[in-house]
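In this note's numbering, the protein residues as written are -14 to 362.
Quick reminder that beta carbons are idealized off the backbone N, C-alpha and C, glycines included.
Below is one structure, written out as structure tokens; the observations come after it.
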Amino acid sequence: MKLKPAVGCAAIGLAWALGVSAAWFSGEATAAEPSAASLQHPGPAVWIEEYWDVKPERFDDFLRAYRSEVYSITRRITGYRGYTFYTNLPDDQGHPRAGRTPDSMLTEHYGVHLQGKMLTEHAIDVGNLLRRTHNVVIAHHLRNWDDARSFRGRMEQLYAQEHGGQNLWDHLSDTVFSLANNYWETTFRMIETGFDTPTDRTGHDADGLDLEPRPSPVGWFKEYWEVRPEDLEEFLDVYRNNTLAVMKPLPGYQGVTLVTTLPPGEDEAARTLYQGETLGGPDRFYVTQPGVMMGGKVRTDTAINYSMLFRNTFTLITYFQVPWDVPMLQLMQKNYELTNPGKDRLKHITEVFFPLAQNHWDMRYRAIESSFLPLQE
């Protein structure tokens, strides 16, 4: 199977939205006409990311195997709200491209303050380490925490019912894990989403929904932020009012999703049935996971949990979709000038936004396909 060009990227979101170098873009930018942009709203409460180090030469085999052996099961589990399959392996157009300084731990950035205090104009680019641990991310979206607690068990039960009592993980060890060098997973809490997809689709998947995957023809961007718990609400408020306002009119913009490793407040916990689940991944480097094969050869039933190394470097991730060729910074500046004539948006963001973050870094992926349904229930 030939990889689709110009598909998404797990979300460098705010990095571009708030300030990637203008040298990334070319051409004359004009202010975008306001669009019917998605409103931010609560979505499925649970965002589980699987990280895979897939053998590059077996990527197509892995994609086919995952669809037929894993997704064919997950899409029928109660409370499931779709998946998104990302990769950082480039397509025929070269997307996603490497970072500005892919081999450096310090990246120039106009607005970053060290620990939110001193303007250094340098980000500590943890992504340059993280991207070496995997080449595929698969995000699962679940309605609430009760659904998440029973998710894997229901997968096992459904497979056993349909295959004469056979063990799912034995099967996946032969068909899926054998195509990868390592696998681990990390769970996040969704704060809100602006993704806008039809919510009236009916079908034969979980809870009567149609979760047929759709190709994603735009760029997905992922951005990490280290925000202190006491600063989170102010951070979100400034982001919504100073970044989303000028992002929404961008041509092809398809919404932003924010997920966090910080636990919910009492009201949200009651609504989403949160009971103290581990967010950001366990603090153990070796995690029992049936089926895992090291190097795709030796079955170890043990995941090497690289999230343990990075879990204390961020508390918030933002994801959004925009076409790869949109000159974001130029257009966002022009949108900003509509209400702030003659003012520099980057200077403003540097003063009011970046002091609320201890650090900030980003990564890029493209989405092969997604069936994410951002339903509020």
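- Restricted to the segment 61 to 113, the beta strand (DSSP E) segments that are unbroken, complete and at least 3 residues in length are 65 to 72, 91 to 93 and 107 to 109, listed in chain order.
- By the neighbour-count definition (other C-beta atoms within 10 Å, threshold 16), Lys282 is an exposed residue.
- According to the DSSP assignment, Gly327 belongs to no beta strand (DSSP E), since it is labelled neither H nor E.
- Going by DSSP, Glu219 is part of the alpha helix (DSSP H) stretching over Leu217 to Tyr224.
- Scanning its chain for C-beta atoms nearer than 8 Å, with the 5 sequence neighbours on each side dropped, one finds around Glu141 the residues Asn152, Leu153 and Trp154, in chain order.
- Boundaries of the alpha helix (DSSP H) around His156: Leu153 to Thr160.
- When the Cα atoms are used, Gly101 and Thr172 turn out to be separated by approximately 26 Å.
- Counting only residues of its own chain and dropping the five nearest sequence neighbours on each side, Leu258 has a CB closer than 6 Å to the CB of Asn129, Trp130 and Asp131.
- The alpha helix (DSSP H) runs lying completely inside the segment 217 to 276 and spanning 4 residues or more are 217 to 224 and 251 to 257, given in chain order.
- Judged by their CB atoms, Leu235 and Asn320 are nearer to each other than the 9 Å cut-off.
- Every alpha helix (DSSP H) stretch that sits fully inside the segment 279 to 353 and reaches 4 residues is listed by chain position as 292 to 295, 313 to 322 and 330 to 337.
- In the three-state scheme derived from DSSP, where H, G and I count as helix and E and B as strand, Ser355 is classed as strand.
- Partner residues in the beta bridge of Val122, as assigned by DSSP, are Tyr36 and Tyr71.
- Exposure of Lys332 is indicated by the presence of fewer than 16 other C-beta atoms within 10 angstroms of its C-beta.
- DSSP places Leu48 within a helical segment (H, G or I) once states are collapsed to three.
- Taking C-alpha positions only, Gln239 is separated from Leu360 by approximately 15 Å.
- Residue pairing by DSSP places Arg199 opposite Ser355 in a beta bridge.
- Counted as a single uninterrupted DSSP element, the alpha helix (DSSP H) harbouring Phe136 occupies residues Trp130 to Glu147.
- For Phe173, the uninterrupted beta strand (DSSP E) segment begins and ends at Ala165 to Thr178.
- One thing to note: Leu115 has its Cβ within 9 Å of the Cβ of Phe295.
- With 16 or more other Cβ atoms inside 10 Å of its own Cβ, Val311 counts as buried.
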